[in-house]
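Structure, as structure tokens:
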Amino acid sequence: MAVDPVCHAEVDESRSPLRAVYHGRTYYFCSAACKAAFDRNAARYVEEGAPEQGGVNGSRAGLLPRH
Ligand SMILES: [Zn+2]
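So that you can map any letter, position 58 of the sequence shown is 58 in full-length UniProt numbering, and since no number is skipped, the others follow by simple counting.
If you want it as structure tokens, here you go:
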């Protein structure tokens, strides 16, 4: 199961046609409204909990081996 980045609902990625690719990752949505919100401001949802200020923190970078 994937998690809708907008409302955090679980989404069955094999059944949902609602998806978006952002920075090389695929995100799935429970509804067109959630996808529309993501399309408008993807960074807001993707960057959740990952503060941009202060530069890269070593421990956080280790926890998030993405990109
Ligand atoms: Zn949703």
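Just so it is clear, CB atoms sit at the ideal spot from N, CA and C, and this is done for glycine as well.
| Query | Result |
| --- | --- |
| Given residue 70 as reference, the closest of R44, V21, A2 once Cα atoms are compared | Look at the range of the chain in this structure, 1 to 67, and you will see that residue 70 is not part of it. |
| Rounded Cβ spacing between A36 and Y22 (contact assumed at less than 8 Å) | No, A36 and Y22 are not in contact; Cβ-Cβ is about 14 Å, not under 8 Å. |
| Continuous beta strand (DSSP E) stretch holding A21: start and end | A quick correction: the sequence has Val, not Ala, at residue 21. 19-22 is the span of the beta strand (DSSP E), which, as asked, contains V21. |
| Reduced DSSP secondary structure (H/G/I, E/B, other) of V6 | coil |
| G58 versus V46: straight-line alpha-carbon distance, rounded | Residue placement at G58 is poorly supported in this model, since its pLDDT is 47, which falls under 50; the coordinates still yield a value, given next. Roughly 20 Å between the two C-alpha positions. |
| For R15, the three-state DSSP class (helix, strand or coil) | coil |
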